[in-house]
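The sequence shown lines up with residues 2 to 514 when you count with our numbering.
From the three backbone atoms N, C-alpha and C, an ideal C-beta is built for every residue, glycine too.
Reading through the structure tokens given below for one structure.
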Amino acid sequence: MLVKTFCAAVNGMEVTTVTVEVSITRGVLFHLTGLADGAVKESHDRIAAALLNNGYKFPVADITANLAPADLKKEGSSFDLPLAIAILAANEKMSHDRLAQYMLVGELSLDGTLQPVKGILPIAIKARAEKFRGIIVPKANEHEAAVVDTLEVYGMKNILEVIDFLNGTATAEPCVVDTRKEFYEHQYAFDLDFSDVRGQENVKRALEVAAAGGHNLIMIGPPGSGKSMMAKRLPSILPPLSLSESLETTQIHSIAGKLRRDTGLITQRPFRSPHHTISEVALVGGGMNPMPGEITLAHNGVLFCDELPEFNKHTLEVLRQPLEDRLITISRAKYTVTYPCSFMFVASMNPCPCGYFGDPTHHCVCTPGQIQKYLSKISGPLMDRIDIQCEIAPLPFKDISNATPGEPSASIRERVIRARAIQTERFRDCHGIHCNAQMTERMIHEFAEPDEASVSLLRNAMERLKLSARAYNRILKVARSIADLDGSGQVQAQHIAEAIGYRNLDRGDWAER
2 MLVKTFCAAV NGMEVTTVTV EVSITRGVLF HLTGLADGAV KESHDRIAAA
52 LLNNGYKFPV ADITANLAPA DLKKEGSSFD LPLAIAILAA NEKMSHDRLA
102 QYMLVGELSL DGTLQPVKGI LPIAIKARAE KFRGIIVPKA NEHEAAVVDT
152 LEVYGMKNIL EVIDFLNGTA TAEPCVVDTR KEFYEHQYAF DLDFSDVRGQ
202 ENVKRALEVA AAGGHNLIMI GPPGSGKSMM AKRLPSILPP LSLSESLETT
252 QIHSIAGKLR RDTGLITQRP FRSPHHTISE VALVGGGMNP MPGEITLAHN
302 GVLFCDELPE FNKHTLEVLR QPLEDRLITI SRAKYTVTYP CSFMFVASMN
352 PCPCGYFGDP THHCVCTPGQ IQKYLSKISG PLMDRIDIQC EIAPLPFKDI
402 SNATPGEPSA SIRERVIRAR AIQTERFRDC HGIHCNAQMT ERMIHEFAEP
452 DEASVSLLRN AMERLKLSAR AYNRILKVAR SIADLDGSGQ VQAQHIAEAI
502 GYRNLDRGDW AER
């Protein structure tokens with residue numbers, strides 16, 4: 002007898018419906034076809050044990066199971082459940098009348114318990130797109146899948162519950178999640194707040210400007226000056242995720258297996274902080290079985306690299322193309338996948354190997370050559386993609402001992418949201434452009450053209466401060482964001498002046514000061 006069940010395969014960000022075809026004839030062999038990996042091939046043993054431990058015998062017959070389309074690679078253990086149900090139905094141990102109505106996903110334990118699997122959310126979205134009535138998933142995954150509306154989501158604990166439900170001998174209530182309520186309830190529940198930061202008003206201003214325009218930023222200062230502390234609070238002043246951004250971000254984390262089991266939607270912008278020993282594959286994604294890297298997990302959020310010069314130089318260089326294109330295509334012999342990676346790049350570093358260059362309270366023991374060599378670990382093309390370069394001075398005692406809290410994140414965030422609203426209106430007809438940091442050169446001339454006084458100021462700054470030519474467009478982008486924070490339609494001299502102050506590392510004499 003031939004029976005079909007349905008599941009899905011996730012490859013990169015793409016989800017493909019997979020038809021599980023099982024045919025049973027006289028014989029004693031088990032054949033699994035359809036480009037299955039090791040985990041899928043091992044399903045035979047898990048299914049046999051699960052059925053035996055729940056009162057069913059694995060058929061002693063010639064069983065051919067095909068996962069169609071046969072030329073698409075199938076990975077993971079999520080095919081256990083649809084294979085087991087198809088084998089039982091083909092052996093006439095259960096009804097097959099309702100199998101075409103549901104997509105089945107889940108890994109089987111040897112006792113028949115359904116274990117959670119990765120990528121449930123994109124699979125549920127695919128099930129809705131393919132007009133399935135519902136999807137049956139492990140109980141631990143039901144909250145994640147129920148984010149998808151107009152789709153019946155049934156979370157099951159074990160295979161017996163699935164059999165009884167498909168036979169019609171037991172009923173089950175679909176899991177329902179109020180997506181909008183959950184989304185808006187947790188949007189602003191931040192554990193870290195800028196009110197904890199004493200002093201450092203110039204740095205907080207730089208972070209506000211970066212958040213307003215989506216600019217990449219690097220902070221340079223001695224150890225203990227608060228670089229990491231402030232970077233970790235950056236998500237609390239960014240504009241909230243839209244519902245579509247939240248859904249996209251949640252899909253990425255679902256595919257990577259990074260979602261907590263009680264999480265329906267990710268409602269806050271991601272903040273990823275990889276260690277400096279990270280490999281290129283872990284940073285950008287890929288591997289034997291393609292998985293999203295840190296830059297994709299930071300999509301719609303922040304990628305923070307602490308102690309930037311300590312990262313492997315070749316690893317840092319792979320960031321150049323993703324920072325420009327906001328997506329990464331990974332091509333290997335057996336696959337090609339594309340992941341989105343639109344994120345704010347935030348980095349911190351010491352000004353020199355000993356960390357105390359420019360610190361008035363500590364003596365720096367580094368020579369100008371050592372400082373220059375240390376800074377050269379970050380290439381010019383990578384630095385070219387960082388709009389704001391901010392120096393941080395050590396915090397004086399009066400600021401450390403000040404009991405008055407700083408400005409809260411909520412107040413800063415309101416100004417950032419107003420500035421972003423201006424940009425949304427400005428770029429409403431520009432496909433793929435959402436903030437000032439993404440402006441092309443043509444858009445810079447259209448939306449950030451400086452007036453005569455500003456041009457004179459720029460010329461003097463580039464000559465006197467020995468600013469590089471690549472700093473010109475960066476200054477105009479940042480000045481446009483400062484003007485938006487001020488509610489000004491025109492980029493003015495004071496906006497240019499502040500933006501020039503954020504190009505410290507471009508100064509030709511920085512290491513000799």
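Taking the CA atoms as reference points, A40 sits about 19 Å from I64.
Non-local C-beta neighbours of A87 in its own chain, meaning closer than 6 Å and more than five positions away in sequence, comprise V4, T6, V21, V23, ordered along the chain. Boundaries of the alpha helix (DSSP H) around I445: 442 to 448.
Nearest in C-alpha terms to L320, of all of T368, I387, G215, is I387. Boundaries around Y103 are those of the beta strand (DSSP E), 103 to 105, since no alpha helix (DSSP H) includes it. D360 sits buried, since 16 or more C-beta atoms from the chains shown fall within 10 Å of its C-beta. The C-alpha of K467 is placed about 11 Å away from the C-alpha of L459. Spatial neighbours of C367 in its own chain (CB-CB distance under 8 Å, excluding positions within 5 residues in sequence) are listed in chain order as C353, P354, C355, F358, Y375. About 15 Å separates the Cβ atoms of S96 and L161, ruling out a contact at the 8 Å cut-off. Going by C-alpha positions, E442 is about 12 Å away from I476. G288 and V282 have their C-alpha atoms spaced approximately 6 Å apart. With a cut-off of 8 Å on Cβ pairs, the region 172 to 185 is not in contact with the region 201 to 218, counting fewer than three such pairs.
Look at the region 208 to 243 and you find these whole runs of beta strand (DSSP E), each 3 residues long or longer: 218 to 221.
Cβ-Cβ separation between S410 and I238: approximately 5 Å, consistent with a contact (criterion under 8 Å).
The region 35 to 53 makes no contact with the region 7 to 17: fewer than 3 CB pairs, one atom from each, lie closer than 8 Å. Runs of the beta strand (DSSP E) spanning 3 or more residues and lying entirely within the region 370 to 419 occur at 389 to 392, in chain order. In this structure, the alpha-carbon of L68 lies about 15 Å from that of A91.
At the C-beta level, G302 and P293 stay beyond 8 Å of one another. With three or more CB-CB distances shorter than 8 Å, the region 295 to 314 counts as touching the region 336 to 353.
According to the DSSP secondary-structure assignment, S457 is paired through a beta bridge with no residue. In the DSSP assignment, D63 falls outside any alpha helix (DSSP H) and lies within the beta strand (DSSP E) extending over 63 to 69. Between G222 and E392, the C-beta spacing is below 8 Å. Residue pairing of Y155 in beta bridges, as defined by DSSP: I137.
Every unbroken stretch of the alpha helix (DSSP H) spanning 4 or more residues and falling wholly within the region 3 to 56 is given here in chain order: 39 to 42, 44 to 53. Taking 8 Å as the cut-off, the beta carbon of G77 is found closer than this to the beta carbon of V118. The C-alpha of V11 is placed about 30 Å away from the C-alpha of P60. The continuous stretches of beta strand (DSSP E) do not include I267, and DSSP gives it neither H nor E. Between the alpha carbons of P291 and H277 lies a distance of about 22 Å. In the displayed model, M463 falls within a helix according to three-state DSSP.
When DSSP states are grouped into helix, strand and coil, A494 belongs to the helix group. A residue is called buried when at least 16 other Cβ atoms come within 10 angstroms of its Cβ; R234 meets this threshold and is buried. H300 sits away from K478, with the two beta carbons spaced by 8 Å or more. In the assembly as shown, V163 is a buried residue. Its beta-carbon has 16 or more other beta-carbons within 10 Å. Within the same chain, and ignoring the five residues on either side of S79 in sequence, the residues whose Cβ sits closer than 7 Å to its Cβ are C8, V106, G107, E108, V118. Runs of the alpha helix (DSSP H) spanning 4 or more residues and lying entirely within the region 309 to 366 occur at 314 to 318, 321 to 326, in chain order. Pairing Q188 with P139, the inter-Cα distance amounts to about 27 Å.
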